[in-house]
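In what follows, a structure is listed as structure tokens, so that the remarks can point back to it.
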Amino acid sequence: MSHKKMLQCSMGALLLLLPWFGGLVHGEISKNFSQCFDFFYKKTPPTGIPAEGYQPICQRYQNRYRFATLYHRQHRSPLYSAYKLSPPDGKRPNQAWMYEPQLAFSRASSEMQNFHTLVDQNVKESQAVDEDYKDSGFTRGHLNPSLHHETEQDRRATFTLTNIVPQHKSSNNGPWNVLEQEVLTKFKAFCNGTMHVITGVMPYESEPQWINNRVSVPEYMWSAYCCPSFRSDLPKSEQRFFPTYAAVGRNDPNSGEEFVPVNVTAKPSVRGYEVRRMSLEELEDILRKRLDMTITLFNGQCQYEMSLWWVCTAVFTMCSTSFIL
Numbered sequence: 464m465s466h467k468k469m470l471q472c473s474m475g476a477l478l479l480l481l482p483w484f485g486g487l488v489h490g491e492i493s494k495n496f497s498q499c500f501d502f503f504y505k506k507t508p509p510t511g512i513p514a515e516g517y518q519p520i521c522q523r524y525q526n527r528y529r530f531a532t533l534y535h536r537q538h539r540s541p542l543y544s545a546y547k548l549s550p551p552d553g554k555r556p557n558q559a560w561m562y563e564p565q566l567a568f569s570r571a572s573s574e575m576q577n578f579h580t581l582v583d584q585n586v587k588e589s590q591a592v593d594e595d596y597k598d599s600g601f602t603r604g605h606l607n608p609s610l611h612h613e614t615e616q617d618r619r620a621t622f623t624l625t626n627i628v629p630q631h632k633s634s635n636n637g638p639w640n641v642l643e644q645e646v647l648t649k650f651k652a653f654c655n656g657t658m659h660v661i662t663g664v665m666p667y668e669s670e671p672q673w674i675n676n677r678v679s680v681p682e683y684m685w686s687a688y689c690c691p692s693f694r695s696d697l698p699k700s701e702q703r704f705f706p707t708y709a710a711v712g713r714n715d716p717n718s719g720e721e722f723v724p725v726n727v728t729a730k731p732s733v734r735g736y737e738v739r740r741m742s743l744e745e746l747e748d749i750l751r752k753r754l755d756m757t758i759t760l761f762n763g764q765c766q767y768e769m770s771l772w773w774v775c776t777a778v779f780t781m782c783s784t785s786f787i788l
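Under the working numbering, the final residue of the sequence shown carries the number 788; numbering is consecutive throughout.
This is how it looks when you write it as structure tokens:
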């Protein structure tokens, strides 16, 4: 094997392996999630969402970025939160609700903080506060749920109101909770590597609904996951759930049935809060119709990825074959 051919083979192997390595990024809130790209598949946030009115937040707690949120300042509510799922090792923490200082003061700390007894007016104007939810008839619905995280610090970090939307109790504690548990189960049983999850909302289309005349109430919740590396021996019943899957849930029992039908045989306590499972493509089509945005949630639609071991083995085999020839 000539020196030139060996060099070409080595360079080819290096180019194949480069995407597997990355450096640390430090910083504060920016316009493009530059501090927390790792929470998105292939380090790429969803595309097709106009920048105007939205604030990317790299959610930071105890000096670490924990997940990412796209926040709508006018609605005082997130459009979505993106995170990497990990099995919980502990119970739901008894955590006080927190806020994002930088939404109120651009030079403030990049760490989420507990609410003070007297809330600053700038904080009230920039985001939802705990008082908004009291006696509202809605629960504080996590987009990034604490049960999808291993460490106590990661679970505590989900208790910031920039990750919360007004959600009916029958949805939050009913069909939507079932979906969250189901995603966790599939991750533990079949996902071999990282599962990226993006969970968001769809506001009312014609007449916006509010709590306390301040915080936008979503008509629907939605969620999608991307698990590009999964078991090769998937049962036939599970094959449609990988590498991607999605769902849309009702947050209003009186909404139409264009996206999610009502199950008339469901228990009265949860009837009207159904969750419909669907493909990633179906969800993106619904978001296009409802939000008038051509949204791509996962770069390249989350294609099946070969493991690092397989890539190294293939490169070694390729070079060995070249040497023999």
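We put the beta carbon where it would ideally sit given N, CA and C, even for glycine.
Model, not experiment: these values are computed from the prediction.
Proximity winner among the options, relative to residue i (alpha-carbon distances)
i, options, result
"residue 689", "761, 535, 611", "761"
"residue 700", "746, 653, 543, 687", "653"
"residue 512", "528, 543, 498", "543"
"residue 597", "588, 630, 574", "630"
"residue 752", "767, 721, 766", "721"
"residue 765", "745, 715, 708, 562", "708"
"residue 636", "747, 620, 604", "604"
"residue 563", "521, 645, 599, 551", "521"
"residue 702", "767, 733, 719", "767"
"residue 441", "669, 606, 739", "Because residue 441 is not part of the residues shown, which for the chain are 464 to 788, the question remains open."
"residue 660", "601, 638, 608, 617", "608"
"residue 503", "691, 697, 536, 727", "691"
"residue 789", "756, 715, 755", "Since the first and last residues shown for the chain are 464 and 788, residue 789 lies out of range."
"residue 669", "500, 754, 619", "754"
Close Cβ partners of residue i (< 6 Å) along its chain, the five nearest in sequence each way excluded
i, result
"residue 496", "508, 519, 531"
"residue 591", "539, 624, 678"
"residue 750", "758"
"residue 602", "630, 632, 635"
Contact test: residue i Cβ vs the ligand MG heavy atom, cutoff 7 Å
i, result
"residue 560", "For the structure depicted, the ligand MG is absent and the ligand set is empty, with no information on it obtainable."
Residue i - containing beta strand (DSSP E), residue span
i, result
"residue 630", "627-630"
"residue 749", "Here residue 749 belongs to no beta strand (DSSP E); instead the alpha helix (DSSP H) covers 743-754."
"residue 681", "681-689"
"residue 546", "540-547"
"residue 596", "First-last for residue 596: 593-596, but that is the alpha helix (DSSP H), not the beta strand (DSSP E)."
"residue 527", "527-535"
"residue 734", "Segment: none, residue 734 is in no beta strand (DSSP E) and carries neither H nor E."
Continuous alpha helix (DSSP H) stretch holding residue i: start and end
i, result
"residue 767", "From DSSP, residue 767 is part of no alpha helix (DSSP H); its letter is neither H nor E."
"residue 648", "638-653"
"residue 565", "564-567"
"residue 584", "584-589"
Cut-off 7 Å between Cβ atoms - residues of its own chain near residue i, not counting five sequence neighbours on either side
i, result
"residue 615", "553, 556"
"residue 693", "653, 654, 655, 705, 706"
"residue 657", "547"
"residue 746", "685, 687, 709, 711"
"residue 586", "562, 567, 592"
"residue 733", "633, 637, 638"
"residue 719", "none"
Exposure of residue i, with buried meaning 16 or more beta-carbon neighbours within 10 Å
i, result
"residue 581", "exposed"
"residue 633", "buried"
"residue 724", "exposed"
"residue 565", "buried"
"residue 644", "exposed"
"residue 642", "buried"
Within 8 Å, strictly: CB atoms of residue i and residue j
i, j, result
"residue 674", "residue 593", "no"
"residue 713", "residue 667", "no"
"residue 575", "residue 534", "no"
"residue 549", "residue 613", "yes"
"residue 681", "residue 628", "yes"
Nonlocal neighbours in the same chain, by C-beta distance under 8 Å from residue i, ignoring five residues either side
i, result
"residue 487", "Unreliable placement is indicated for residue 487, whose pLDDT of 31 sits below 50; the coordinate value is still reported in the next sentence. Answer for residue 487: no residue qualifies."
"residue 514", "494"
"residue 526", "574"
"residue 651", "550"
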